[in-house]
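Trainee:
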Amino acid sequence: MTAPTMTAPQLALARNAAEAALAVLPTSRALVAADPVIPDAGTVIEGQAITARFTGAASGEVLVVVGQDLADALRESPLGELDLTAAVRPALEAAARVFGPVVLDPGQLMEPEVALSALAAKEGAIAVPLRDESAVRAVLALALSQWPGDDPGAVNISQRAAPARSGGRGGLDMLHDVEMEVSAELGRTRMSVRELLSLTPGAIVELDRAAGSPADLLVNGRLIARGEVVVVDENFGIRITEIVAPGAE
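Residues 0 to 248, numbered by numbering that gives the first Met the number 0, are exactly what the sequence shown covers, in order.
1. In this structure, does DSSP put Ser58 in helix, strand or coil?
2. What is the DSSP secondary structure of Leu76, reduced to helix, strand or coil?
3. Count the C-beta pairs between the segment 188–197 and the segment 90–102 that are closer than 8 Å, then say yes if the count reaches three, no if not.
4. Would you identify the three-state DSSP class for Val65, choosing helix, strand or coil?
5. Would you say Asp215 and Arg187 are within 7 Å of each other, going by their C-beta atoms?
6. Work out the CA separation of Val61 and Ala51 for me, nearest whole Å.
7. If we call anything under 7 Å between Cβ atoms a contact, is Val135 one with Ala17?
8. Determine, using beta carbons only, whether Val23 and Gly46 come nearer to each other than 7 Å.
9. Which first and last residues belong to the alpha helix (DSSP H) in which Ser116 is found?
10. Taking the runs of the beta strand (DSSP E) that are 3 residues or longer, which of them lie wholly in the segment 198–246?
11. Does the distance from the C-beta atom of Ala13 to that of Pro38 stay below 7 Å?
12. Apart from the five residues just before and just after Asn155, which ones in its own chain have a Cβ nearer than 6 Å to its Cβ?
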């Protein structure tokens, strides 16, 4: 890996993008941003790559390669397999926002070699290895088709350091900051297509649950708790009355 031929402000922006991503990247290790490099075969680590395009004050692509430990932790979560792209999206957004207000596309999951090779072929591609004391554990890479300018003072540069994490821990610890969609379910029923098409405003659909029965709380489609429906400041809420043990649905 060689140092990229870019201006000092551009290198500073890339480094700050990596530090911004580190602040919200799920990882069980305390990582730091190393010196920026040109993406090449030596940048690849075992794991998965998530890449997205962004537009705004600057435009281009942003890529995060995460280690296999995070991919495995998400796949084997007690709540079922979690979406790796959704888990890493906050890091992609944080890195892109260093260059100003941006709009990020949904992003996609790719093999690291394929994603980095495609990005390295673009002009001005730059990568920042994210490492612990012994090795590179993740990579933040960028390829901007439009830089916001050579004056880093004209851009909102993040100077935040990566949050402290206890080294050596894995499993659930690296998932603590991952956002997930939680839904509440009052009940279910089965209907024929004819019955569905006959629904009109005011129609009543009978559910498979008696009045007063607890509602189900689901994460990633998996039942984790039950509770009473309550009203909080004119919004519905769930007061938890039971935590469902894994496999006890």
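Backbone N, C-alpha and C fix where the C-beta goes; we use that ideal spot for every residue, glycine too.
Nothing here was measured: the structure is a model prediction, and the numbers come from that model.
Mentor: On the basis of the supplied data:
1. The residue given as residue 58 occupies position 59 in the sequence shown. Here Ser58 sits in strand by DSSP.
2. Within the sequence shown, numbered from 1, the residue matching residue 76 stands at position 77. Note on residue identity: the sequence assigns Ser, not Leu, to residue 76. DSSP places Ser76 in coil when its eight states are reduced to three.
3. no
4. In the sequence shown, residue 65 corresponds to position 66, counting from 1. Three-state result, Val65: strand.
5. Position 216 of the sequence shown, counted from the first residue, corresponds to residue 215. Position 188 of the sequence shown, counted from the first residue, corresponds to residue 187. Cβ distance not < 7 Å, so Asp215 and Arg187 don't count as in contact.
6. Against the sequence shown, residue 51 aligns to sequence position 52. Against the sequence shown, residue 61 aligns to sequence position 62. Going by the C-alpha atoms only, they are around 6 Å apart.
7. Position 136 of the sequence shown holds residue 135. Position 18 of the sequence shown holds residue 17. Taking 7 Å as the Cβ cut-off, Val135 and Ala17 do not qualify as a contacting pair.
8. If you number the sequence shown from 1, residue 23 lands on position 24. If you number the sequence shown from 1, residue 46 lands on position 47. For Val23 and Gly46, no; Cβs fall outside 7 Å.
9. As a working note, residue 116 is residue 117 in the sequence shown. Note, Ser116: alpha helix (DSSP H), Pro111 to Ala119.
10. 214–218, 221–231 and 234–242
11. Residue numbering aside, residue 13 sits at position 14 when the sequence shown is read from its first letter. Residue numbering aside, residue 38 sits at position 39 when the sequence shown is read from its first letter. Not a contact, by the Cβ cut-off of 7 Å.
12. The residue given as residue 155 occupies position 156 in the sequence shown. The predicted position of Asn155 is uncertain, since its pLDDT is 39 and thus under 50; no value can be drawn from it.
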